[in-house]
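Taking it in order: structure first as structure tokens, then the write-up.
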Amino acid sequence: EPEPVREDMVRNAVSFLTHPKVKGSSVQSRRDFLTKKGLTEAEIDEAFRRAPDDDVAAPQPARAPPPVRPPPKRPVAARSPAPAPAQKTGAAYPPPAYPPPAYPPQ
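Number 109 marks the last residue of the sequence shown (this note's numbering); no jumps.
Below, the structure written as structure tokens:
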């Protein structure tokens, strides 16, 4: 029968494993440290199970900072609105004289 884990020791180990300065070290060096602190193999295994997986399974160097977002654009100084473009209605330019002249002239 496996020996019961000491809950307080496991909780402390999880805190240690999830500490930002510790996450960058190798799994082996973290295990060695916990062994020196008096934790059993079962307690160390349980602490690794409870610690978030992101860096425990595959330790990585410090993460790159998130990309910097450009500052929000400042509103452009208010200008008078541009005149609306002329609507094309299909009418010829210049508009024909009214009434249109008779063709051919009479």
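Just so it is clear, CB atoms sit at the ideal spot from N, CA and C, and this is done for glycine as well. This structure is a prediction, so every number in the text was calculated from the model and none was measured.
Are the CB atoms of leucine 20 and alanine 45 within a distance shorter than 9 Å? Against a cut-off of 9 Å, the Cβ pair of leucine 20 and alanine 45 comes out as no contact.
Answer with buried or exposed for glutamate 49, where buried requires no fewer than 16 other C-beta atoms within 10 angstroms of its C-beta. Buried: at least 16 other Cβ atoms inside 10 Å.
Using a 10 Å radius around the Cβ and a threshold of 16 neighbouring Cβ atoms, would you call proline 71 buried or exposed? A small correction: the amino acid at residue 71 is valine; proline does not occupy that position in the sequence shown. By the beta-carbon neighbour count (other beta carbons within 10 angstroms, threshold 16), valine 71 is exposed.
Does arginine 33 pass the burial test, meaning 16 or more other C-beta atoms within 10 Å, or should it be called exposed? Arginine 33 counts as buried, since at least 16 other C-beta atoms from the protein chains shown sit within 10 angstroms of its C-beta.
Taking the alpha-carbon positions, what's the glutamate 6 to threonine 43 distance? Approximately 9 Å between the Cα atoms of the pair.
Would you tell me roughly how many angstroms separate the C-alpha atoms of serine 18 and proline 69, rounded to the nearest one? A straight-line Cα-Cα distance of about 25 Å links serine 18 and proline 69.
Through-space distance from alanine 16 to valine 30, alpha-carbon basis: For valine 30 and alanine 16, the distance between alpha carbons rounds to 13 Å.
Return no unless some Cβ of chain B is closer than 9 Å to the Cβ of proline 74. No chain B is part of this structure, which consists of one protein chain only.
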